[in-house]
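K.L.:
Numbering (full-length UniProt numbering), first residue to last: 1 to 315.
What follows is the structure, given as structure tokens:
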């Protein structure tokens, strides 16, 4: 029997996608896809997905996401495992004061944050979401990430039962199996919104929701002192630090805290001249979603997982 030398060809997670027309294909209409045998997307997806139900209290979901290091938590029916929605770190930031979901605190509970966080997830989850079928390809996931700017895609079967989830980071791992000649300065975002250390958590939440950002560099006197992410703000709630500051339970006590209190001592950065393959591997290893770009001690840009997925898909 001859040895099989085609294993690399059979493992979709070990090769970069090279297929004509994958650029600018526009959003994929998955509703026309008939769910049958598993596609290559399942080779890189997480199959054992931690989930919640619509009745799960918001604070419990936040604690799960904080403990597990998740940016998103699918919401399913307890009996059927049918996907009903998803709660993301963006939804949590919106609820904490960034957007219209803050009405749950201000209007329904008269500003009582403690009462609001014990409401069920159905109050803040995103019910209409983009999914992929189990028959999907990695190229389909790239299209969704780039064209719809969605960082985590639930995977369902024909009955809409949740079968897995694939993220930007999962896709980036595949794309980094090939090298690139491009540098950070070729793909980074040069126009970067920043905040200052004394800005309130509420103002940062509003900025993130309005601009659909997950992170903001924190700058004082033209010097980068850190980066605050939506996950940092959620962790502030999930690890119970919020409750140490509460005396009346009012949301103003929670959201008036300066953002400097959320900054950690560890700050990873990069420079404009580094190769994007090198920093992609570094980001995956460190489990960070973005790196501030520093030149001559000044912040000149930001490079994110999204930027890297887009750049590698164009190679």
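All C-beta atoms, glycine included, are put in the ideal place defined by N, C-alpha and C.
Only a predicted model underlies this, so the values are computations on that prediction, with no experimental measurement involved.
With DSSP as the reference, label residue 41 as helix, strand or coil.
P.N.:
If DSSP states are grouped into helix, strand and coil, residue 41 belongs with the helices.
K.L.:
Using only alpha-carbon positions, find the residue among 75, 228, 220 and 68 that is nearest to residue 161.
P.N.:
Out of 75, 228, 220 and 68, 75 has the C-alpha closest to the C-alpha of residue 161.
K.L.:
Just the C-alpha distance for residue 63 and residue 157, rounded to the nearest angstrom, thanks.
P.N.:
Taking the straight line from one Cα to the other gives about 28 Å.
K.L.:
Assuming residue 302 contacts residue 187 under a Cβ cut-off of 8 Å, what Cβ separation, rounded to an integer in Å, is found between them?
P.N.:
The Cβ separation is near 11 Å, so there is no contact.
K.L.:
Measure the C-alpha to C-alpha separation of residue 284 and residue 111 and round it to an integer number of angstroms.
P.N.:
Approximately 39 Å, taken between the alpha carbons.
K.L.:
Rounded to whole angstroms, what is the Cα-Cα separation between residue 93 and residue 38?
P.N.:
For residue 93 and residue 38, the distance between alpha carbons rounds to 35 Å.
K.L.:
On the criterion of 16 or more Cβ atoms from any shown chain inside 10 Å, does residue 210 qualify as buried, or is it exposed?
P.N.:
Exposed, by the Cβ-count rule.
K.L.:
Should residue 238 be listed as close to the ligand COA, given that the test is whether its C-beta is under 6 Å from any heavy atom?
P.N.:
Although the ligand COA was asked about, the structure shown includes no ligands whatsoever.
K.L.:
For the stretch 91-134, list the alpha helix (DSSP H) runs that are entirely contained and at least 4 residues long, ordered along the chain.
P.N.:
Counting whole runs of 4 or more residues, the stretch 91-134 contains the alpha helix (DSSP H) stretches 113-116.
K.L.:
With residue 240 and residue 267 assumed to form a contact (beta carbons below 8 Å), what rounded beta-carbon distance in angstroms separates them?
P.N.:
Contact doesn't hold; Cβ gap of about 24 Å is too wide.
K.L.:
The alpha helix (DSSP H) that contains residue 66, what's its start and end?
P.N.:
Where residue 66 is concerned, the enclosing alpha helix (DSSP H) stretches over 58-68.
K.L.:
By Cβ distance below 7 Å, which residues in the same chain neighbour residue 295 in space, the five residues on each side in sequence not counted?
P.N.:
Answer for residue 295: 271 and 272, listed in chain order.
K.L.:
Quick check: the stretch 42-51 against the stretch 87-101, are there 3 or more CB pairs under 8 Å?
P.N.:
As far as the Cβ criterion goes, the stretch 42-51 does not touch the stretch 87-101, which means the pair count is below three.
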